[in-house]
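Let me begin by presenting the structure, written as structure tokens, before commenting on it.
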Ligand code: ME8
């Protein structure tokens with residue numbers, strides 16, 4: 255048994271949690287549950303970030319003292335995690351005594367390292383980020399690159415951390431540990447930050463009063479980001495040097511979205527280097543969850559109505575959709591129509607119907623789970639596939655490919671459906687074939703038990719429901735073939751994913767998704783068309799690819815991120831004419847390596863005798879969806 259420590263960011267309490275927070279926390283939950291299933295000793299942290307000027311302001315706006323405001327907000331997060339079946343081991347609050355004392359101990363160690371000095375600071379400050387925006391990120395308009403809000407000019411006496419001193423050691427760490435930051439796009443981003451040079455950072459604020467005082471100069475409050483990062487250690491009892499701290503630190507994986515990797519993969523490790531403490535093993539970032547292609551925004555009213563979807567489809571369908579539909583490192587657009595489609599196809603049809611069908615046949619033909627005695631065609635293939643599914647699942651989870659992990663399990667689900675079909679098991683009730691029928695049904699039920707184990711980290715309630723219906727009194731979490739006892743009285747086969755009321759659905763679904771599917775060849779169902787994520791993008795640069803006369807390597811800006819794409823347009827466009835052009839791209843095409851060059855998406859073009867890039871009649875904001 256090995257220790258496994260996984261964390262989410264601690265979320266700011268100046269707003270209520272939304273689907274973006276839910277996504278990160280569900281991902282971390284699936285990972286924590288998966289490691290528990292493997293028998294590891296897991297510690298799973300989530301929590302809230304309660305200090306700083308923004309929280310202070312939110313408390314003032316709400317007419318409450320900061321602590322009272324935090325005491326009101328924290329339970330809203332706790333309540334949501336309960337509703338989403340999150341299995342955290344600690345809900346961390348930065349206003350807790352344990353955190354305060356731990357943070358003071360860490361700050362003292364940081365000060366003693368000699369890498370903290372006093373200086374004055376002036377610069378353009380973003381309040382929502384609570385940071386000075388470095389010169390190189392500044393635009394002429396002086397707006398925050400993240401929040402798009404005007405920056406304030408601020409002058410302060412601050413304490414600084416000598417981050418610049420750790421540049422070389424960080425670079426070395428990145429090179430020696432290629433998986434330290436995952437996925438590669440984020441790693442490369444940070445490597446280029448490192449290449450361009452790190453500046454020392456201010457770690458205190460004298461203009462802020464809601465926070466933890468610096469133990470070496472109580473006039474100053476520690477910068478909220480520096481304080482927040484320490485929570486990952488203070489939560490374990492760093493302050494008292496506890497056994498728990500020694501068991502779980504360093505963390506195995508810090509999970510977050512791509513907005514805060516710099517803090518986690520540059521500043522946090524440098525702080526740990528200064529204090530001679532071990533670094534987290536991995537910093538892993540997923541993309542943005544968007545709504546109609548746009549960033550979620552309270553002020554602009556762009557939100558995902560997860561409550562309605564959970565109410566309509568159930569929690570597990572929501573969890574399944576998030577984990578199955580989105581490719582982990584990339585942005586993903588939340589679409590209720592896709593949740594509906596996944597519910598019907600994967601959950602109700604593939605899995606739910608299989609369980610019902612098999613239980614129905616057992617109930618009709620046997621008193622209880624029959625003994626497998628007569629082996630035949632396909633049996634060995636099924637048992638072998640069960641084991642390979644376990645191995646493949648492990649591989650995918652270890653690379654955070656939750657979508658492929660679930661697809662792997664569903665390949666097995668569909669194989670069992672085929673097994674039932676191929677063996678025509680319902681025709682074997684005659685005396686001479688009944689023992690074969692019993693064996694096939696036993697195998698199908700054992701496969702369902704096996705599947706329930708594999709899906710339990712992702713959709714735990716469903717996993718339990720399946721085992722209950724099979725007749726198991728207690729959840730059997732072992733993925734070894736043949737553990738299903740003979741003689742259990744199986745359930746009657748209540749549908750685990752009942753049909754969703756169509757009338758109710760019609761009000762909620764866009765009309766198209768309830769249209770009957772086109773059967774003719776060459777026609778594509780609307781739902782399939784919707785799978786394509788077509789977006790407006792801008793070419794930033796274009797370069798030839800050595801040894802590939804027809805190809806160009808493009809750097810493309812999708813508004814929320816930059817991507818590299820390979821396009822077969824070199825014979826028709828000179829590279830130097832392409833920068834600045836708006837194009838239409840397929841954003842969710844599986845990444846591919848073309849002539850040794852990675853391509854993350856595809857640029858669309860009319861392709862006949864000549865090749866002409868597809869564009870819109872007039873320019874539109876980058877990232878706009880094409881439908
Ligand atoms: O940054 N899509 O807190 P925060 C996906 N307190 N994930 C999203 C998202 C979206 N649209 N919106 C938010 C902070 N998230 C600091 C962290 S940690 C020491 C301190 C998730 O409330 C995602 O995990 O702004 C992102 O990194 C995090 O919420 C930011 O949460």
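Residue numbers (the numbering used here): 255 to 881. Using N, Cα and C, we set each Cβ at its ideal position, and we do this for glycine too.
Subject >> Euclidean distance between Cα positions of residue 765 and residue 591 >> reply: For residue 765, the predicted structure reports a pLDDT of 40, less than 50, and the residue's modelled location is therefore unreliable. A value from the coordinates is still provided. If I take the Cα positions, the gap works out to 10 Å.
**OP:** Just grab the DSSP bridge partners of residue 324 for me.
**Re:** BP columns for residue 324 are empty, so no partner.
Original post:
Just to check, is the beta-carbon of residue 541 closer than 8 Å to a non-hydrogen atom of ligand 1?
Top reply: yes
Subject >> Chain-order list of residues whose beta-carbon lies under 6 Å from that of residue 873 (same chain, five-residue window excluded) >> reply: 836
Subject >> Identified DSSP bridge partners for residue 549 >> reply: 544
Original post:
So, are the CB atoms of residue 492 and residue 360 less than 9 Å apart?
Top reply: yes
Original post:
The beta strand (DSSP E) with residue 881 in it runs from where to where?
Top reply: Note, residue 881: premise wrong, no beta strand (DSSP E); not H, not E.
Subject >> Assigned exposure category for residue 371 - 16 Cβ within 10 Å defines buried >> reply: exposed
**OP:** Put residue 616 into one of helix, strand or coil per three-state DSSP.
**Re:** helix
Subject >> Collapsed DSSP secondary structure at residue 716 in the structure displayed >> reply: helix
Original post:
Going along the chain, which residues of its own chain have a beta-carbon closer than 7 Å to the beta-carbon of residue 824, five neighbours each way excluded?
Top reply: 798, 803, 804, 805, 806
Subject >> Burial state of residue 777 (16 or more Cβ within 10 Å) >> reply: exposed
**OP:** Might you give, ordered along the chain, the residues of its own chain that have their beta carbon closer than 6 Å to the beta carbon of residue 437, omitting 5 neighbours on each side?
**Re:** 583
Original post:
Pick from 685, 735, 515, 812: whose alpha carbon is nearest that of residue 633?
Top reply: 735
Original post:
Under the criterion of a Cβ to heavy atom distance below 8 Å, does residue 263 qualify as lining ligand 1?
Top reply: yes
**OP:** Say whether chain D places a C-beta atom closer than 9 Å to the C-beta of residue 391.
**Re:** Annotation note: the requested chain D is absent from the structure, which comprises a single protein chain.
Subject >> Nearest-angstrom beta carbon gap, residue 529 and residue 363 [assumed within contact, 8 Å] >> reply: 4 Å
Subject >> Integer Cβ distance of residue 709 from residue 716, believed to fall under 8 Å >> reply: 6 Å
Subject >> C-alpha distance - residue 523 paired with residue 257, whole-angstrom precision >> reply: 20 Å
**OP:** Rounded to whole angstroms, what's the CA-CA distance from residue 772 to residue 779? Just pull it up for me.
**Re:** With a pLDDT of 36 at residue 772, under the threshold of 50, the predicted position of this residue should be treated as unreliable, and no value is reported.
**OP:** Look at residue 705 and residue 337 and say whether their C-beta atoms are less than 9 Å apart.
**Re:** no
Subject >> Presumed contact (8 Å Cβ cut-off) between residue 712 and residue 284, rounded CB distance >> reply: 5 Å
Original post:
Any heavy atom of ligand 1 within a distance shorter than 8 Å of the CB on residue 483?
Top reply: yes
**OP:** Pull up the distance between the alpha-carbon of residue 664 and that of residue 468, whole angstroms please.
**Re:** 53 Å
Original post:
residue 274: beta carbon under 8 Å from a heavy atom of ligand 1?
Top reply: yes
Subject >> Selection from 425, 384, 417 that minimises the alpha carbon distance to residue 453 >> reply: 417
Original post:
For residue 198 versus residue 504, is the C-beta spacing smaller than 9 Å?
Top reply: Residue 198 lies beyond the residue range present for the chain, which begins at 255 and ends at 881; the question has no answer from this structure.
**OP:** Assign residue 534 to buried or exposed, taking buried as 16 or more other Cβ atoms, counted over all protein chains shown, within 10 Å of its Cβ.
**Re:** buried
Original post:
What is the DSSP secondary structure of residue 522, reduced to helix, strand or coil?
Top reply: helix
Original post:
In whole angstroms, what separates the C-alpha of residue 770 from that of residue 542?
Top reply: Any reading at residue 770 is ruled out, since the residue's pLDDT is 37, under 50, leaving its predicted position unreliable.
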